[in-house]
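Residue numbers (this note's numbering): 566 to 793. Glycine included, C-beta positions come from ideal geometry on N, C-alpha and C. Owing to the predicted nature of the structure, the values given are computational and were not obtained by experimental measurement. Only one structure is covered here, and it is reproduced in the block below.
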């Protein structure tokens with residue numbers, strides 16, 4: 566039987582810019598967001614879309630209305646309950662040009678409404694066959710954290726570097742160098758995660774400027790694995 570615990574250190578080439586899924590621009594940003602945050606849908610090991618925060622969804626005959634039922638009982642890393650209001654807030658923020666999200670184009674023309682605490686209605690202006698992919702690429706933000714942050718302050722807000730999510734790992738700390746580049750991020754398993762329990766308790770992600778530096782850290786046994 567596998568035993569939960571331990572610490573895994575990975576050396577990674579390319580530093581993240583932030584830990585906010587609405588601002589992700591490189592692979593490190595996205596990989597970290599996927600550990601800390603959850604989306605409505607996600608991809609499994611076979612690259613198939615399966616529910617994540619969503620319990621189920623239906624699509625209208627005209628392919629323009631998506632009714633999404635959310636899983637009950639999910640909580641944010643700070644203990645606050647997750648609800649449809651978080652989904653609506655995140656989509657509205659992604660659409661708002663003042664937030665300057667790279668995902669904005671994917672969400673233009675989509676109206677998001679909370680029918681009740683656990684139901685979200687998404688209405689498209691025109692049918693879009695690949696729309697479900699959007700549901701897997703948008704990490705949901707906590708409204709209770711971000712609603713009081715002005716859009717113009719969004720890119721520089723402290724919560725971009727001290728995130729609260731619903732994902733399998735909780736943020737612990739990060740380190741920056743003298744130039745402000747993120748050089749390491751520490752995460753710990755979310756014991757209240759609504760899906761499978763992470764096998765590894767602690768993750769330490771260390772970031773390097775080149776593949777050579779990442780490989781050297783691994784060869785010096787400063788890391789258990791390397792991502793070039």
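Going by DSSP, what residue range makes up the beta strand (DSSP E) through residue 772?
On the chain shown, residue 772 is found 207 positions in, with the first residue counted as 1. Element bounds for residue 772: 765 to 773.
In angstroms, rounded to a whole number, what distance separates the CA positions of residue 567 and residue 773?
For this step, residue 567 is matched to residue 2 along the chain shown. For this step, residue 773 is matched to residue 208 along the chain shown. Note on residue 567: pLDDT 48, under 50, position unreliable in the model; the coordinate value appears next. Cα to Cα, residue 567 sits roughly 31 Å from residue 773.
So, is residue 764 buried or exposed, given that buried needs 16 or more other C-beta atoms within 10 angstroms?
Counted from its first residue, the chain shown places residue 764 at position 199. Per the 10 Å Cβ criterion, exposed.
If we count Cβ pairs, one from each stretch, closer than 8 Å, do we get three or more for the region 671 to 679 versus the region 636 to 652?
yes
Between the alpha carbons of residue 751 and residue 641, how many angstroms are there, rounded?
Counted from its first residue, the chain shown places residue 751 at position 186. Counted from its first residue, the chain shown places residue 641 at position 76. Whole-angstrom Cα-Cα distance: 18 Å.
What are the start and end residues of the beta strand (DSSP E) that includes residue 576?
Position 11 of the chain shown holds residue 576. It spans 570 to 578 - the beta strand (DSSP E) in which residue 576 sits, taken as one unbroken run.
With which residues is residue 676 paired in a DSSP beta bridge?
Stepping through the chain shown from its first residue, residue 676 is reached at position 111. 688.
What are the uninterrupted segments assigned as beta strand (DSSP E) that are 3 or more residues long and contained completely in the region 687 to 744, given in chain order?
734 to 741
For a test of the three-state rule: what should DSSP assign to residue 762, helix, strand or coil?
For the purposes of this step, residue 762 is identified with residue 197 of the chain shown, where counting begins at 1. In this structure, residue 762 counts as coil in the three-state DSSP scheme.
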